[in-house]
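Same order as they appear, the protein sequences are chains A and B. So the first sequence is numbered by the working numbering: it starts at 1 and just counts up by one. So the second sequence is numbered by the working numbering: it starts at 1 and just counts up by one.
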Amino acid sequence: MIYAYGICAAATTPPPCRGLGGARLGVLRRDGLAAVYSRHRRLRPQPTPAQVLAHERVVEAIMDDGPVLPLRFGTQLATEERLATVLDERREELLRTLARVRDRVELGVRALPTAPTRDRAAGERTGRAYLLARAAQQRRRDRTVRDLHEPLAELAAATVVRPLPAPPALLVAAYLVDADRVAAFRARAAALDAQHDELDVVVTGPWPPYNFATEDEDESRRR
Amino acid sequence: MSDEPQRLPARRDVALVEVLDRALGAGVVITGDVVLTLADIDLVDLSLRLVVGSVPTLRGPAAAREEPGVAP
């Protein structure tokens, strides 16, 4: 069995760290593309903090060396040949996506209400009251997208907004930002945070471009 | 939903949530080869949402990894 972490350009050097379970990392190169993986006799990936952080550490190490398309946690294949086949079959798409994330990073933004709120809709007893509370929640989310997301999106090459963030979050979004615009993005987020007393705006990252690793994820979709 | 204020988790837990959210919910999917079961992901996602919903402060992943007890 092999476990795969990320897809990168063929010039990528092996990351200077270890993989899941302390395994040594290998780089499989295939005609302009490469994948970083480790070999395992027995591995049952579980979404535990230790394992997910080990995956993340490898993906970040690849990112230090060049563009990376992170693979979803838990990606296992039978053999190196199978991994090579995946690179061959999806070659054009993977090269395009790699080019898109080159010299860019993912930043995460979460906006939450400053004042503690309860999920009012969940506490309503009548259907009508429930629906009214839900509608109010949706208006608040829409307003947050207009006030926060739209000005931030101007500084991004691509964005992904989660359509229904779990309350009380009003905005959960990811931004693909040019490496040299990260400071400007943070400054605008800080300014928006200062303008909106009712919101806490938190920027996280830079992250590997998990949310921009496939072509269909722009302005989208996810949850 | 309970009226009791939720206990704030340690900040490193929240940074971890950001990592889990990405590594389990996004990234390239190689169809047919992902071994992780849907049930695993749903459970994690559910607990993630509870944590994320309750805490506004976050740190980067590098800081989280430096905390003892989190690194593998």
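Where a beta carbon is used, it is the ideal one built from N, C-alpha and C, also for glycine.
Q: Decide if the segment 98 to 118 of chain A is in contact with the segment 43 to 58 of chain A; the criterion is three or more beta carbon pairs, one per stretch, under 8 Å apart.
A: Contact check between the segment 98 to 118 of chain A and the segment 43 to 58 of chain A: fewer than three CB pairs, one atom from each, fall below 8 Å, which does not count as touching.
Q.
So for residue 204(A), helix, strand or coil by DSSP?
A. Here residue 204(A) is taken as the residue at index 204 of the first sequence, counted from 1. Strand.
Q) Any chance the segment 34 to 50 of chain A sits against the segment 1 to 11 of chain A, with 3 or more Cβ pairs inside 8 Å? A) Between the segment 34 to 50 of chain A and the segment 1 to 11 of chain A, the count of C-beta pairs closer than 8 Å reaches three or more; the two stretches touch.
Q) For residue 146(A), does the three-state DSSP call read helix, strand or coil? A) Along the first sequence, read from residue 1 onward, the residue named residue 146(A) stands at position 146. Residue 146(A) falls in the helix class under three-state DSSP.
Q | Boundaries (first-last residue) of the alpha helix (DSSP H) holding residue 49(A) | A | Position 49 of the first sequence, counting from 1, holds the residue named residue 49(A). Per DSSP, the unbroken alpha helix (DSSP H) holding residue 49(A) starts and ends at 49 to 65.
Q.
Can you look up residue 43(B) in the DSSP assignment and give me helix, strand or coil?
A. Your numbering for residue 43(B) matches position 43 in the second sequence. Note that residue 43(B) scores 49 on pLDDT, short of 50, meaning its location in the model is unreliable and no value can be drawn from it.
(Q) Does chain B have any CB closer than 9 Å to the CB of residue 91(A)? (A) Counting from one through the first sequence, the residue named residue 91(A) turns up at place 91. Taking Cβ atoms only, chain B never reaches closer than 9 Å to residue 91(A), which makes this a no.
Q: Would you kindly check if the distance between the Cβ of residue 160(A) and the Cβ of residue 174(A) is under 9 Å?
A: Here residue 174(A) corresponds to residue number 174 of the first sequence, with the count starting at 1. Here residue 160(A) corresponds to residue number 160 of the first sequence, with the count starting at 1. Yes; because the gap between Cβ atoms is below 9 Å, this pair is in contact.
Q: Taking all protein chains shown into account, decide if residue 74(A) is buried (16 or more other Cβ within 10 angstroms of its Cβ) or exposed.
A: Residue mapping note: residue 74(A) aligns to position 74 of the first sequence, counting from 1. Burial call: buried.
Q. Would you report the Cα separation of residue 37(A) and residue 19(A), rounded to the nearest angstrom?
A. The count along the first sequence starts at 1 and reaches residue 37(A) at position 37. The count along the first sequence starts at 1 and reaches residue 19(A) at position 19. For residue 37(A) and residue 19(A), the gap between their C-alpha atoms comes out near 8 Å.
Q | Given residue 21(A) as reference, the closest of 191(A), 41(A), 89(A) once Cα atoms are compared | A | Counted from its first residue, the first sequence places residue 21(A) at position 21. Minimum Cα-Cα distance from residue 21(A) among the listed residues 191(A), 41(A), 89(A) corresponds to 41(A).
Q: Output yes or no for whether 9 Å exceeds the beta carbon distance between residue 72(A) and residue 20(B).
A: As a position in the first sequence, residue 72(A) is number 72, starting the count at 1. As a position in the second sequence, residue 20(B) is number 20, starting the count at 1. No; because the gap between Cβ atoms is not below 9 Å, this pair is not in contact.
Q. Within 9 Å (strictly less), CB to CB, does residue 213(A) reach chain B?
A. Locating residue 213(A) in the first sequence gives position 213, where the first residue counts as 1. Residue contact with chain B for residue 213(A): present (Cβ-Cβ distance below 9 Å to some residue of chain B).
Q | Close-in-space but distant-in-sequence residues of the same chain around residue 205(A) (CB under 7 Å, 5 per side omitted) | A | On the first sequence, residue 205(A) is found 205 positions in, with the first residue counted as 1. These residues qualify, in order along the chain: 105, 106, 107, 108.
Q) Comparing alpha-carbon positions, which option in 123(A), 130(A), 7(A), 132(A) lies nearest residue 86(A)? A) In the first sequence, the residue the question calls residue 86(A) occupies position 86. Answer by Cα proximity: 7(A).
(Q) Would the segment 189 to 200 of chain A count as touching the segment 138 to 149 of chain A if we require 3 or more Cβ pairs under 8 Å? (A) The segment 189 to 200 of chain A, when compared against the segment 138 to 149 of chain A, does touch it at the 8 Å Cβ threshold.
Q. CB-CB under 6 Å to residue 207(A), same chain, minus the five flanking residues each way: which ones, in chain order?
A. Counting from 1 along the first sequence, the entry for residue 207(A) is found at position 207. Cβ within range, chain order: 106.
(Q) Taking only three categories from DSSP, how would you classify residue 22(A)? (A) Counting from 1 along the first sequence, the entry for residue 22(A) is found at position 22. Note: residue 22(A) maps to helix in three-state DSSP.
Q: Look up residue 157(A) in the DSSP assignment and give the residues it is bridged to.
A: Position 157 of the first sequence holds residue 157(A). None; residue 157(A) has no bridge partner.
(Q) Would residue 67(A) pass as an interface residue toward chain B - the criterion being a Cβ-Cβ separation below 9 Å? (A) Position 67 of the first sequence, counted from the start, is the residue given in the question as residue 67(A). False, the Cβ-Cβ gap to chain B never drops below 9 Å.
Q: Compute the Euclidean distance between the alpha carbons of residue 67(A) and residue 39(A), then round it to the nearest angstrom.
A: Here residue 67(A) is taken as the residue at index 67 of the first sequence, counted from 1. Here residue 39(A) is taken as the residue at index 39 of the first sequence, counted from 1. Using only the alpha carbons, I get a separation of about 23 Å.
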